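Taken in order, the sequence shown gives residues 4 to 460; the numbers are from my numbering.
Just below is one structure, and these are the notes that go with it.
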Amino acid sequence: MTANPQTQMAALAQASADAHPVPDRGHINYYSTDTELQQLLALYMPADLYAHLQPYFERMGELAGGAVDDWAMDADRNPPTLEMRSRAGKEVQRIVKHPAYVEMEKIAYQQFGLAAISHREDMLGWKGKMPPIVKYALTYLFVQSEFGLCCPLSMTDSLTRTLKKYGEQKLVDKYLPQLLSMDFDASVQGSMFMTEQAAGSDISNTLTMAYPQEDGSWRLYGEKWFCSNPDAGFGMVLARVDGGPPGMKGISLFLLPRQLDDGSTNHYHIVRLKDKMGTRSMASGEIRMDGAMAYLVGEQGRGFVQMADMVNNSRLSNGMRSAGMMRRAVAEAEFIARERWAFKHRLEDLPLMRVQLDKLRVPAEQARTMVFQTAATLARSDAGDKTAYALLRILTPLIKFRACRDARKVTGDAMEVRGGCGYIEEWADPRLVRDAHLGSIWEGTSNIVALDVKRAI
Numbered sequence: 004m005t006a007n008p009q010t011q012m013a014a015l016a017q018a019s020a021d022a023h024p025v026p027d028r029g030h031i032n033y034y035s036t037d038t039e040l041q042q043l044l045a046l047y048m049p050a051d052l053y054a055h056l057q058p059y060f061e062r063m064g065e066l067a068g069g070a071v072d073d074w075a076m077d078a079d080r081n082p083p084t085l086e087m088r089s090r091a092g093k094e095v096q097r098i099v100k101h102p103a104y105v106e107m108e109k110i111a112y113q114q115f116g117l118a119a120i121s122h123r124e125d126m127l128g129w130k131g132k133m134p135p136i137v138k139y140a141l142t143y144l145f146v147q148s149e150f151g152l153c154c155p156l157s158m159t160d161s162l163t164r165t166l167k168k169y170g171e172q173k174l175v176d177k178y179l180p181q182l183l184s185m186d187f188d189a190s191v192q193g194s195m196f197m198t199e200q201a202a203g204s205d206i207s208n209t210l211t212m213a214y215p216q217e218d219g220s221w222r223l224y225g226e227k228w229f230c231s232n233p234d235a236g237f238g239m240v241l242a243r244v245d246g247g248p249p250g251m252k253g254i255s256l257f258l259l260p261r262q263l264d265d266g267s268t269n270h271y272h273i274v275r276l277k278d279k280m281g282t283r284s285m286a287s288g289e290i291r292m293d294g295a296m297a298y299l300v301g302e303q304g305r306g307f308v309q310m311a312d313m314v315n316n317s318r319l320s321n322g323m324r325s326a327g328m329m330r331r332a333v334a335e336a337e338f339i340a341r342e343r344w345a346f347k348h349r350l351e352d353l354p355l356m357r358v359q360l361d362k363l364r365v366p367a368e369q370a371r372t373m374v375f376q377t378a379a380t381l382a383r384s385d386a387g388d389k390t391a392y393a394l395l396r397i398l399t400p401l402i403k404f405r406a407c408r409d410a411r412k413v414t415g416d417a418m419e420v421r422g423g424c425g426y427i428e429e430w431a432d433p434r435l436v437r438d439a440h441l442g443s444i445w446e447g448t449s450n451i452v453a454l455d456v457k458r459a460i
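Laid out in structure tokens, this is it:
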């Protein structure tokens, strides 16, 4: 019997597809396959600590390149939603997260303690406190698959640092255990509520008002326009003290708990969630404070100066995240260039492709090297080294400026290496491109950060 011509053509087409599948990097250990990262960590970390952490780096590399990558794809496709009321009509103001996002939270907060690792001892089996580079190294691996969750991680870490540095001891004693808990169900996350419609980069236009109460607490009234992780257990809020001077001198810093001591919800509402271009796995929204109870942190009138410590810590984290995304983008591009053939040659053997790959590698490696140099400088600065502090004031905004800008181009050009497939949401490339654009916006746009570098110099 003669075969149907259409059947023959379909069989030939399938045979061609089977013989030339689209190269898929699949699950891979981000740590064991990155010898340059291993060399950098050995350079910047004490030998005994580096040796002790090898199993943890290996485990994080395996998770980030496997289960976390799968969860990140699911969470990006299923962003959080805001549940305003229960089925019984009771106001709940609950953000519903996709189960894949919750699984990633458990890895980051509970299994590795990324938000607590810089603030408590006996983490990951190590006696004593870890230097900052450990947190950044582990997160560098994690962020290669999931960028959105790294924002709440950074804010929780930064809020804890700011509370310890400026908060009254009774506040620290009361709330620090919740922030540092390794019990996932008992722990709380942090956030930063700073931006308003009229006060984006220009914080002096802040309109949120703070009124003192007889018991020493404060009541906050106003709206915040862009709040990532808006249902966090605690938020650091900038507000203008009633009767205070105009401009920056009238702005103070407050700790805003989500729950009050009696278990009820504090008097602020999540108005809506933002429909964002990137970081779609993580909720960002607007909040309205209607007499929300808060506590003054530090001195009145020095709110922005104190918040700047939290912002600068987040800026270093931003630089690290951009470096991690660039590493993922470059690794994907290198894999495709090595496995894909065109014009009877591997792509990586074609002169123009070699040039394109080098243009991706250089900024990615620059950012990674600078991140770990800055992390080492942070450790010396926290130990009281004034020279290191002065250097840190320059390096922190600089890494945020340069790495975040470079990440936009590197992720885009790396996507091009994959060709048409790179434009399809089945692959990581589009998510990397979308997420990369946020780095240059939050914690200060490029122009604002450039001015900060100038002030530091």
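Think of the CB as a built atom: it goes at the ideal place given N, C-alpha and C, for glycine as much as any other residue.
Because the structure is a prediction, the values reported are computed rather than measured.
Assigned exposure category for residue i - 16 Cβ within 10 Å defines buried
i	result
MET329	buried
MET292	buried
GLY322	buried
LYS347	exposed
TRP74	buried
GLU199	buried
TYR426	exposed
THR390	exposed
PHE196	buried
MET87	exposed
PRO260	buried
HIS30	exposed
ALA50	exposed
LEU156	buried
Among the options, nearest to residue i - alpha-carbon criterion
i	options	result
MET48	ILE136, GLY281 and GLY423	ILE136
LYS132	ALA119, MET418, VAL358 and GLU446	ALA119
PRO233	SER207, MET251 and ALA286	ALA286
LEU454	PRO400, ASP409 and LYS412	PRO400
ASN316	TYR139, PHE229 and MET126	TYR139
GLU124	LEU183, VAL175 and SER161	LEU183
SER207	SER443, GLN192, VAL244 and ARG324	VAL244
PRO102	GLY116, PRO82 and PHE375	PRO82
GLN147	ASP188, MET76, GLN172 and ARG164	MET76
HIS55	LEU127, LYS362 and MET197	LEU127
ALA189	TYR112, TYR214 and VAL452	TYR112
LEU85	ARG97, GLN262 and ALA78	ARG97
ALA378	LEU152, LEU363, ARG364 and ILE402	ILE402
GLY170	MET239, MET87, MET185 and ALA393	MET239
LEU395	GLY92, GLN114, ASP218 and ILE460	ILE460
LEU223	SER255, LYS109, SER449 and ASP205	SER255
ARG411	TYR33, ALA393, VAL333 and TYR214	VAL333
GLY288	HIS272, GLN262 and MET296	HIS272
Three-way DSSP call (helix, strand, coil) for residue i in this model
i	result
GLU289	strand
TYR34	coil
LYS252	helix
GLU302	coil
HIS348	strand
SER284	coil
MET197	coil
MET310	helix
GLY170	coil
HIS1	The shown model of the chain, from 4 to 460, leaves out residue 1, and the question about it has no answer.
GLU217	coil
LYS277	coil
PHE187	coil
Residue i: CB within 7 Å of a non-hydrogen atom of the ligand MN
i	result
ASP77	In the structure on display, the ligand MN does not appear, and there are no ligands present to speak of.
Short CB-CB distance (under 8 Å) between residue i and chain C
i	result
TYR224	In the displayed structure, chain C is absent; only one protein chain is listed.
task = At 4 residues or longer, and completely inside the segment 397-453: list those alpha helix (DSSP H) runs for me, N to C.
result = At a cut-off of 4 residues, the continuous stretches assigned as alpha helix (DSSP H) that sit fully inside the segment 397-453 are 432-439.
ask   = Which full runs of the alpha helix (DSSP H) of 4+ residues lie inside the segment 84-150, going along the chain?
value = Counting only runs of 4+ residues, the alpha helix (DSSP H) found wholly inside the segment 84-150 occupies 102-108 and 135-145, in chain order.
ask   = Any contact of the segment 340-355 with the segment 427-441, i.e. 3+ C-beta pairs under 8 Å?
value = Cβ pair count under 8 Å is below three, so no.
query = Counting Cβ pairs, one atom from each stretch, are 3 or more of them under 8 Å apart for the segment 367-381 and the segment 352-359?
reply = Note that the segment 367-381 does not touch the segment 352-359; fewer than 3 beta-carbon pairs, one per stretch, sit closer than 8 Å.
message = Does the contact criterion of 3 or more C-beta pairs under 8 Å hold for the segment 296-308 versus the segment 381-397?
response = Result no; under three Cβ-Cβ pairs closer than 8 Å.
key: Minimum length 4: unbroken alpha helix (DSSP H) runs contained in the segment 33-75   = 38-47 and 50-67, all fully within the segment 33-75.
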